[in-house]
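Undergrad: My questions all concern the structure below.
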């Protein structure tokens, strides 16, 4: 109806009919301004509707606006003017995209999947002021919409794109810990989802499609929501988190003969993934590790023949250092220079290429301040940290020798000495939370590499379980937010913090 008002007399053509008799799929097309738009659906009427929607979107500055309103149960006004440059009709299609004047509201940049960026909050990025006499264009993109209550992702996606087919891709893991992967193609884009059963995997594939194509984000427990990094993000937070987790788990499955090896029995798995652009499909696993123990003082080596800390995330970072050394050696070879992730720095030495990022995955919350106050998964009704100002929050903690868990560092603790440890004093090993907080200031490259390369920071920290945004952000950087007078090139890094849905 809307398209007919703008371009009367358009002719729709049936391109094809496929599928069985009980579930046919029709493809219709319409030509508008010399451009052909196609739509598909279980009936000719719905196929025509989808073709018309695509044609209408060529007139509208807000992609997927009609779908977003449809998902919210809203209808379009019959007199909407799709050719207008201004959204001055508050009760029509665009009223959901009008932005209140709140210049001081917090926001962050996140990719919309089409090389554009939008705000995660209610405040969209303001467009540049228009020259005098010209109409002010609409804001660049819609904010995320909450989905209708009572509907799961598959139901919502089915309303927007009826007749979608979900494909079963793979099954992995032991009998008590299966992982299924399902996929769906929406508007020519491929989406995957994984879970402990096919139903959950299907829902996550649908959720990924809703977030990427329709900018619809499902309500999450507040403490489970991702915390964005500062500055521009090259990837959608949840898409990145799931991709990183899956890459690490798949690599670990390959190394343990599909989790059948005795080495697959582990409590904590960690890994580091490198991305070199906006496409997570090009990501590469740099290291995979397991472990939950640190050394007993009597087994320490003064010749560097023993690892003091074998917690998974610490071993993963040690492996990353070996990778960085090999990449630096690669740059020194003129024939392989372009393959290196390093480039010359104008300040002297080397630095990472602009598009290179490292992402840390841990199957559970790191020991210490991040974990001690969130030993269980948060529930929907659970508020934020009930006691954020207690002295126990943010304390430095040390690991228990030859065991698991951490204890606070006493304010009057004496300095640790080699002789004291050998004579039976408890070996003080920093908790993983404290070490990761240190990495967010001095970088992960270590003291020796710091002589040659600029600081290297993790772009994201992804947890597989026990993710609690308040506790993790406090442990990683909030408790040291007042740090000042850092040397040049160093800064307090605030990476993306997110839970994976794997």
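Numbering (UniProt numbering), first residue to last: 1 to 502.
Where a beta carbon is used, it is the ideal one built from N, C-alpha and C, also for glycine.
Per DSSP, residue 461 is paired with what?
TA: 360, 497
Undergrad: With DSSP as the reference, please indicate the residues paired to residue 351 in a beta bridge.
TA: 343
Undergrad: Threshold first: 4 residues or longer. Then list the alpha helix (DSSP H) segments lying entirely within the segment 282-347, N to C.
TA: 312-332
Undergrad: With three or more C-beta pairs closer than 8 angstroms as the rule, is the segment 448-463 touching the segment 205-218?
TA: no
Undergrad: Measure the CB-CB distance between residue 444 and residue 322 and report whether it falls below 7 angstroms.
TA: no
Undergrad: Per DSSP, which one or two residues make a beta bridge with residue 399?
TA: 406
Undergrad: Is the segment 326-336 in contact with the segment 362-374, if contact means three or more CB pairs nearer than 8 angstroms?
TA: no
Undergrad: Determine the burial state of residue 493: buried for a count of at least 16 other Cβ atoms within 10 Å of its Cβ, exposed for fewer.
TA: buried
Undergrad: Distance check for residue 236 and residue 163, CA to CA, integer angstroms please.
TA: 27 angstroms
Undergrad: Between residue 408 and residue 395, which are expected to be in contact by the criterion C-beta below 8 angstroms, what is the C-beta distance as a whole number of angstroms?
TA: Taking a contact as a CB-CB distance under 8 angstroms, the pair residue 408 and residue 395 counts as one, their CB atoms being some 5 angstroms apart.
Undergrad: For residue 343, which residues from the same chain have a beta carbon less than 6 angstroms from its beta carbon, with the 5 sequence-adjacent residues on both sides left out?
TA: Closer than 6 angstroms at Cβ, skipping near neighbours: 353.
Undergrad: Is the beta carbon of residue 161 less than 7 angstroms from the beta carbon of residue 186?
TA: yes
Undergrad: Could you tell me which of 256, 272, 271, 273 sits nearest to residue 265, measuring between CA atoms?
TA: 256
Undergrad: So, residue 309 versus residue 429, is the Cβ gap smaller than 7 angstroms?
TA: Yes, they are a contact pair.
Undergrad: Are the C-beta of residue 193 and some C-beta of chain B separated by less than 7 angstroms?
TA: Given the protein chain composition of this structure (a single chain), no chain B is represented.
Undergrad: Please give me, in chain order, every unbroken run of the beta strand (DSSP E) with length at least 3 that falls completely inside the UniProt domain "DRBM" (166-215).
TA: 166-172, 179-186, 189-195
Undergrad: Over what stretch of residues does the beta strand (DSSP E) that includes residue 252 continue unbroken?
TA: Unbroken run through residue 252 is the alpha helix (DSSP H), 237-255; no beta strand (DSSP E).
Undergrad: Closest to residue 3 by C-alpha separation, out of 287, 53, 28, 424, would be which residue?
TA: 53
Undergrad: Leaving out five residues on either side along the sequence, give the residues of the same chain with a beta carbon under 6 angstroms from the beta carbon of residue 230.
TA: 494
Undergrad: Taking C-alpha atoms, which residue in 313, 440, 302 lies nearest to residue 360?
TA: Nearest neighbour of residue 360 by Cα position, chosen from 313, 440, 302, turns out to be 313.
Undergrad: Rounding to the nearest angstrom, what Cα-Cα distance links residue 431 and residue 501 in this structure?
TA: About 26 angstroms.
Undergrad: Which residue from 278, 275, 288 puts its Cα closest to that of residue 253?
TA: 288
Undergrad: Looking only at its chain, what residues have a beta carbon closer than 7 angstroms to the beta carbon of residue 225, apart from the 5 residues adjacent to it on each side?
TA: 469
Undergrad: Taking its Cβ as the centre, do 16 or more other Cβ atoms sit within 10 Å of residue 418, making it buried, or is it exposed?
TA: exposed
Undergrad: On a Cα-Cα basis, can you pick out the residue from 27, 22, 32, 14 that is closest to residue 8?
TA: 32
Undergrad: Where do the ends of the beta strand (DSSP E) carrying residue 272 lie?
TA: 269-275
Undergrad: Check whether the Cβ atoms of residue 326 and residue 465 sit closer than 7 angstroms, and answer yes or no.
TA: no
Undergrad: Can you check whether the CB of residue 201 is closer than 7 angstroms to the CB of residue 575?
TA: Since the first residue of the chain shown is 1 and the last is 502, residue 575 is not available in this structure.
Undergrad: What do you reckon, are the CB atoms on residue 292 and residue 404 nearer than 7 angstroms?
TA: yes
Undergrad: Among the residues of its own chain, which have a CB less than 7 angstroms from the CB of residue 475, if the five just before and after it don't count?
TA: 368, 369, 370, 433, 437
Undergrad: Could you spell out where the alpha helix (DSSP H) holding residue 160 opens and where it closes?
TA: 153-160
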